[in-house]
Each structure stands twice: as C-alpha cells, then as structure tokens.
Amino acid sequence: MSEPFNTWQARFEKLRSNKLFEGVVISIIVISALVIGAKTYEETSRIEQWLLYLDVAVTVFFLVEILIRMAAERNLVSFFKKGWNVFDFLIVTASLIPMDDSEMVLLARLLRIFRVLRLVSMIPELQMLLGALVKSIPRMGYVVLLMFIIFYIYAALGSFLFHNVDEFLWGNISIAMLTLFRIATFEDWTDVMYATQEVYAWSWIYYLTFIFLTAFIFLNMMIGIVLDVMQKESAQLDFDSGEGEPAQLQALRSDVHSLKAQLDRMEAALAERNTASPPPNSPTDSAKTD
0 MSEPFNTWQA
10 RFEKLRSNKL
20 FEGVVISIIV
30 ISALVIGAKT
40 YEETSRIEQW
50 LLYLDVAVTV
60 FFLVEILIRM
70 AAERNLVSFF
80 KKGWNVFDFL
90 IVTASLIPMD
100 DSEMVLLARL
110 LRIFRVLRLV
120 SMIPELQMLL
130 GALVKSIPRM
140 GYVVLLMFII
150 FYIYAALGSF
160 LFHNVDEFLW
170 GNISIAMLTL
180 FRIATFEDWT
190 DVMYATQEVY
200 AWSWIYYLTF
210 IFLTAFIFLN
220 MMIGIVLDVM
230 QKESAQLDFD
240 SGEGEPAQLQ
250 ALRSDVHSLK
260 AQLDRMEAAL
270 AERNTASPPP
280 NSPTDSAKTD
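With numbering that gives the first Met the number 0, letter number 157 in the sequence shown gets 156, and the count goes up by one each step, no holes.
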C-alpha cells in the first residue's frame with residue numbers, strides 16, 4: 000500500500016473521529032428533520048424552492064460524509080462489516096432519489112424521513128438503547144404469550160358475563176379483548192366498570208384483578224427484562240470504550256496474567272540453572288578433591 004494513500008486514509012480517519020465533525024453531522028441531521036417537518040405546513044409553499052435547495056444541500060453533505068467515513072477505513076470490506084455503517088449507507092443512497100419526478104416524489108419523501116434515524120448511528124448511547132430494546136424482544140415474547148393467555152381468559156369470562164350489559168363492549172371474545180386492552184391502558188376504564196356494576200355489584204373484582212395482573216405484574220416484568228438487558232449493554236459499551244468497572248476488571252486480569260507469565264518464566268529459568276550447575280558438596284566435587 001502506497002505512502003500517499005496511508006497519509007490520506009489517516010487524515011480521513013482523524014476527521015471522522017473529530018468531535019466537531021460529529022457535532023456538525025448531528026446538527027445537519029436535525030436540520031434535515033426540520034426541513035421534512037416544514038414541508039408538511041401549507042404556509043411554507045412560498046419558500047418551497049428554498050426548502051428544495053436546502054434538501055439538496057443536506058443530501059450532498061450526507062453523501063460527502065459517508066464517503067469520508069468509507070475513505071477512513073483501511074479497506075472497504077471492514078466498513079460494511081458494521082451494521083450501522085450499512086444502515087447509513089442505505090439511507091444516504093436512498094436519499095439520492097430525485098424529488099422532481101411526480102411518480103417518485105412520495106417515495107423520496109418517505110425515504111428522507113428515515114434520515115432522522117441516523118441520529119441513532121451517530122450517538123453510542125442511542126445505539127445501546129436500541130440494541131437493548133431489540134435484544135429484549137425475544138425474552139419479552141414469553142411475557143406477551145402469558146399476557147395473551149390472561150387476556151383470552153378474561154375476555155371469555157367478560158363476554159359470557161357482561162354481554163347482556165353492553166353488547167358493543169362484550170359482544171364476543173374479540174370485542175371483549177379490545178375492551179380489556181382499553182382497560183389495561185386506563186382509557187376511561189371506570190366507565191366500563193360502573194356500567195357493569197349497575198347489574199353485577201361484584202364485577203369490580205373482575206376489573207381489579209385484571210388490572211393488577213396486567214398493569215402491575217406484567218408491566219413490571221417487561222420493565223425488568225429491558226433494564227436487565229440495558230445493564231448488560233451498558234457494561235459492554237463501557238468495556239468496548241475502555242471505561243467503567245468492566246474495562247478496569249479486564250485490565251486487571253490482563254495485568255495478573257502478565258505477571259503470572261513472568262513468574263513462570265523466572266521459575267523455569269531458575270530451575271534450568273539449578274539443573275545445569277551441580278551443588279557444591281556433590282559426589283563429583285568430592286572425587287576431584289581426593
């Protein structure tokens with residue numbers, strides 16, 4: 000690899016890791032989001048041409064920025080090994096679709112909305128939160144399955160017991176499950192309860208037990224799963240960045256292993272020296288003296 004190429008690659012890598020450059024990129028992403036939001040107002044029709052120019056400028060900036068990041072890598076394959084780089088590349092590439100074609104303008108606008116997600120790829124803390132959310136989904140699936148069972152049982156009971164009170168809310172099991180979802184989100188659930196209490200005074204037990212299971216137990220289980228995964232992701236982030244207690248423990252383990260290796264080498268050298276030189280009062284020395 001030629002020396003000029005290494006020099007330019009080092010310059011691009013330094014520019015990519017520059018905090019000021021990262022701040023400018025984040026600011027441009029925010030400006031891009033504001034431009035997309037401004038186009039939804041009818042009052043901006045007078046400056047629509049200026050917004051179009053600004054959108055083109057933002058698109059060109061993102062293209063230059065992604066090229067700088069690609070040039071900062073020692074080889075192009077390593078750039079595409081990172082999932083967030085692939086995501087940014089797809090978003091920037093999709094933004095190159097022209098907006099002057101009437102058939103493609105809707106698609107182009109929809110794709111430009113996703114440029115806001117580039118904030119996630121630029122901020123490690125947001126990456127950690129999103130990664131924790133994605134990794135929590137498989138574990139939350141079992142909680143969701145258990146919630147569905149509870150919803151189904153309560154919906155069946157509600158449709159059997161309360162269908163004569165309000166056919167619109169308890170007519171069948173599917174409608175009853177929608178009603179229970181409304182109750183679980185606390186959307187005027189007391190109105191539903193009071194309506195059934197006029198006929199069945201004990202119906203408050205039905206609602207309170209359902210809310211206790213869904214709003215308190217299952218919700219806390221969901222929160223506990225997410226917090227557990229977030230704690231692991233935060234520890235991994237600190238370890239990767241060389242900060243925090245996990246990185247310090249790893250550094251301490253490395254130092255201990257290094258010291259142990261040095262001690263092993265010293266013991267091996269001493270044992271070899273003792274084997275090579277016989278002790279002073281050995282039989283060989285006595286024979287020579289006689």
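Even for Gly, the Cβ is constructed at its ideal location relative to N, Cα and C. Since this is a predicted model, take the numbers as computed values, not measurements.
>> Taking the straight line between their C-alpha atoms, what separation do you get for Gln196 and Ala32?
In response: Working through the sequence shown from its first residue, we reach residue 196 at position 197. Working through the sequence shown from its first residue, we reach residue 32 at position 33. Roughly 50 Å separates the two Cα atoms.
> So, is Ala127 buried or exposed, given that buried needs 16 or more other C-beta atoms within 10 angstroms?
Replying inline: As a first step, residue 127 is located in the sequence shown; it is residue number 128 there, counting from the start. Going by the sequence as given, residue 127 is Met instead of Ala. With 16 or more other Cβ atoms within 10 Å, it is buried.
> If you drop the 5 nearest sequence neighbours on each side, which residues of the same chain put their C-beta closer than 6 Å to that of Leu168?
Replying inline: Your numbering for residue 168 matches position 169 in the sequence shown. Answer for Leu168: Thr178, listed in chain order.
> What number of angstroms, rounded off, separates the C-alpha of Ile210 from the C-alpha of Asp165?
Replying inline: As a working note, residue 210 is residue 211 in the sequence shown. As a working note, residue 165 is residue 166 in the sequence shown. Those two C-alpha atoms are separated by around 20 Å.
> Exposed or buried, what is Ser94 when buried is set at 16 or more other beta-carbons lying within 10 Å of its beta-carbon?
Replying inline: Here residue 94 is taken as the residue at index 95 of the sequence shown, counted from 1. Ser94 is buried by the Cβ-count criterion.
> Is the stretch 185-203 touching the stretch 217-224 in the sense that three or more CB pairs, one from each, lie closer than 8 Å?
Replying inline: no
> CA-CA distance, Met192 and Val91?
Replying inline: Here residue 192 corresponds to residue number 193 of the sequence shown, with the count starting at 1. Here residue 91 corresponds to residue number 92 of the sequence shown, with the count starting at 1. One C-alpha to the other measures close to 52 Å.
> Distance, Cα to Cα, Ala214 vs Tyr205?
Replying inline: Residue numbering aside, residue 214 sits at position 215 when the sequence shown is read from its first letter. Residue numbering aside, residue 205 sits at position 206 when the sequence shown is read from its first letter. Distance between the alpha carbons of Ala214 and Tyr205: 14 Å.
>> Just to confirm, is the Cβ distance from Ile25 to Met121 under 8 Å?
In response: To locate residue 25, count along the sequence shown from 1; it is residue 26. To locate residue 121, count along the sequence shown from 1; it is residue 122. Yes. Within cutoff.
>> Quick check: the Cα distance between Phe11 and Leu144, rounded to an integer number of angstroms?
In response: Counted from its first residue, the sequence shown places residue 11 at position 12. Counted from its first residue, the sequence shown places residue 144 at position 145. Taking the straight line joining both Cα atoms gives about 50 Å.
> So the alpha helix (DSSP H) Lys81 belongs to, where does it begin and stop?
Replying inline: Translated into positions along the sequence shown, residue 81 becomes position 82. Where Lys81 is concerned, there is no enclosing alpha helix (DSSP H), given that its DSSP letter is neither H nor E.
>> Our contact map puts Ala183 next to Ser158 with C-beta atoms below 8 Å; I'd like the distance itself, whole angstroms only.
In response: Taking the first residue of the sequence shown as position 1, residue 183 is located at position 184. Taking the first residue of the sequence shown as position 1, residue 158 is located at position 159. Incorrect: roughly 17 Å between the Cβ atoms, too far for contact.
>> Using a 10 Å radius around the Cβ and a threshold of 16 neighbouring Cβ atoms, would you call Ala9 buried or exposed?
In response: As a working mapping, residue 9 is identified with position 10 in the sequence shown. Per the 10 Å Cβ criterion, exposed.
> Quick one: what does DSSP say Phe60 is sitting in, helix, strand or coil?
Replying inline: Locating residue 60 in the sequence shown gives position 61, counting from the first residue. Three-state DSSP puts Phe60 in a helix.
> So the alpha helix (DSSP H) Leu160 belongs to, where does it begin and stop?
Replying inline: Position 161 of the sequence shown, counting from 1, holds the residue named residue 160. Per DSSP, Leu160 belongs to the alpha helix (DSSP H) from Pro123 to Phe161.
> Using DSSP with H/G/I as helix, E/B as strand and the rest coil, what is Asp289?
Replying inline: Locating residue 289 in the sequence shown gives position 290, where the first residue counts as 1. Residue placement at Asp289 is poorly supported in this model, since its pLDDT is 48, which falls under 50; the coordinates still yield a value, given next. Coil at Asp289, not helix or strand.
>> Considering only the alpha carbon of each residue, which of Leu125, Trp49 and Gly22 lies closest to Ile35?
In response: The residue given as residue 35 occupies position 36 in the sequence shown. Selected option, being the one with the closest Cα: Trp49.
> When you compare each of Leu160, Asp227, Ala154 and Phe60 to Tyr199 by their alpha carbons, which one comes out closest?
Replying inline: Here residue 199 is taken as the residue at index 200 of the sequence shown, counted from 1. When only C-alpha atoms are compared, the closest one is Leu160.
> What does a CB cutoff of less than 8 Å around Phe310 pick up in its chain, not counting 5 residues either side in sequence?
Replying inline: With the chain covering only 0 through 289, there is no way to say anything about residue 310.
> For Ser253, does the three-state DSSP call read helix, strand or coil?
Replying inline: Taking the sequence shown and counting its residues from 1, one reaches residue 253 at position 254. Helix.
> Where do the N-terminal and C-terminal ends of the alpha helix (DSSP H) with Ser202 fall, by residue?
Replying inline: Counted from its first residue, the sequence shown places residue 202 at position 203. That residue, Ser202, is in no alpha helix (DSSP H); it is neither H nor E in DSSP.
>> Within the continuous alpha helix (DSSP H) that includes Ser31, where are the two ends?
In response: Looking up residue 31 in the sequence shown gives position 32. Element bounds for Ser31: Lys18 to Ala37.
> Helix, strand or coil: how does DSSP classify Arg272 here?
Replying inline: Indexing the sequence shown from 1 puts residue 272 at position 273. Helix.
> Out of curiosity, what's the CA-to-CA distance linking Tyr141 and Ser135?
Replying inline: Along the sequence shown, one-based indexing puts residue 141 at 142. Along the sequence shown, one-based indexing puts residue 135 at 136. Each residue's Cα considered, the two are about 11 Å apart.
> What first and last residue would you give for the alpha helix (DSSP H) that runs through Ser94?
Replying inline: By 1-based counting over the sequence shown, the position of residue 94 is 95. Careful: Ser94 lies outside any alpha helix (DSSP H) and carries neither H nor E.
>> Suppose contacts are defined by Cβ-Cβ distances below 8 Å. Is Gly82 in contact with Glu232 by that definition?
In response: Here residue 82 corresponds to residue number 83 of the sequence shown, with the count starting at 1. Here residue 232 corresponds to residue number 233 of the sequence shown, with the count starting at 1. No, the Cβ-Cβ distance between Gly82 and Glu232 is not below 8 Å.
>> Spatial neighbours of Arg15 within its chain, please: C-beta separation below 8 Å, excluding the five flanking residues on both sides.
In response: Here the question's residue 15 lines up with position 16 in the sequence shown. The residues are Ile67, Arg68 and Ala71.
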